[in-house]
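In the numbering used here, the protein residues as written are 59 to 511. Have a look at the structure below before the remarks.
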């Protein structure tokens, strides 16, 4: 859910009177409600609509409420579910909570109880939005101010000075985990469209029919489960930007419709022939070689040229090793806070292993590795024993390190010590204890790196 979006509530109950009256009351409060008496139809509604909250009876024909809850939590983990039943028992309550229900209410319930549960869920959703937004801003700022890789610096300079200011379509390419979504979000946030929405669509995760409905919307009756009109992501992104992740997975039908959007700036909702004008900047991303897909006939050549107006190719992490130490520092700070763990330092052998590893999963793999190492750390130290075995096969010998990597390691140590001094109020005795260093060794490092205390 995004800020200021109307909350969509799916109500599932085979008692029609309760179903309709609950729907009327909630719609009067400004919520958008989808009503059904069966678990099967509920799943159809979920396939084609963005639902935020489900209120479901436990006793349902065929697929009961608990089974529906399990399916929802497996396939739509962000949706919060509140169970409603007239067959209350400790056992069913425990089972519902065990399988991920947000709450549990007994019939006959007071409508205020429903409002209270929804209010709690809204607070959770708002906090998730706030945290996600903060994380994205933090990632963008880190990307802008800390990269030491010449290619990344050049990309960021182009984004800031030229690309963000334009209205042209952008294609961001690179391996999985290189930061394509982060750079796309940065383009939007530095653009003249930043006051409007940045709408993300993960194209690879959706079937053709669902993706078509997500992008372009649909009208009531267009297919089973289309019980009301729904606007698509292009309309949601009006005057803002739309981020299409993994466009290399577009089917021929979606490719044709996308070509029309880019050429004519219009869409048609599924099941409707009326043209709707759209005004959204398209930022697309892929880890596939689109030129090769064009040659093989899997991707339209005309669409490729429409999308590839401005191309940003992000380098893999193995080609920007000088950034690895500062990325590690960033992730240590982030995950030590999340896990309430104090990390004093990372062992040299562990750091060298991470610097020299090939990182096929790029930044995402590095982030996951550091989170794992923090959880496994002992006495505030990320040791060699916390590093995954597959990474240890690439032996690290100090003499074989290129000078740039030695410098990268020293830069990491310098910055880590400097921050530790600040965090400990410039008390060097306290800083030495926090870092696990003898005071004499700390003084030597301060002198070596020219750190101003």
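Where a beta carbon is used, it is the ideal one built from N, C-alpha and C, also for glycine. Predicted, not measured: the structure shown is a model, and the values here were computed from it.
By the CB criterion at 9 Å, residue 374 and residue 232 fall inside the cutoff. Here residue 497 is exposed: its Cβ has fewer than 16 other Cβ atoms, across all protein chains shown, within 10 Å. The beta-carbon separation of residue 507 and residue 403, rounded to 14 Å, does not stay under the 8 Å limit for a contact. The DSSP-derived three-state label of residue 494 is coil.
Between residue 307 and residue 262, the C-beta spacing is below 9 Å. Every alpha helix (DSSP H) stretch that sits fully inside the region 250 to 289 and reaches 4 residues is listed by chain position as 266 to 274. With a beta-carbon spacing of about 6 Å, residue 111 and residue 65 fall inside the 8 Å limit used to define contacts. Every unbroken stretch of the alpha helix (DSSP H) spanning 4 or more residues and falling wholly within the region 333 to 377 is given here in chain order: 348 to 353, 359 to 365.
In this structure, the beta-carbon distance from residue 299 to residue 245 falls below 9 Å.
In the three-state reduction of the DSSP assignment, residue 67 falls in the strand class, which pools E and B. Following the DSSP letters along the chain, one finds residue 317 inside the alpha helix (DSSP H) bounded by residues 310 to 322. Within the same chain, Cβ atoms closer than 7 Å to the Cβ of residue 268 are found at 105, 106, the five residues on either side in sequence being excluded. The beta-bridge partner set that DSSP reports for residue 115 consists of 142. Annotation for residue 489: 478, 479, 482, 500 place their beta carbon closer than 7 Å to its own, counting only its chain and skipping 5 residues before and after. Taking C-beta atoms as the reference points, residue 143 and residue 150 count as a pair closer than 9 Å. Under DSSP, residue 230 takes part in a beta bridge, and its partners are 343, 370. Considering only 445, 312, 279, 492, the residue with the shortest C-alpha distance to residue 386 is 445. Residue 411: member of the alpha helix (DSSP H) spanning 406 to 414, first to last residue. The beta-carbon separation of residue 113 and residue 72, rounded to 13 Å, does not stay under the 8 Å limit for a contact. C-alpha of residue 89 to C-alpha of residue 100: approximately 18 Å in a straight line.
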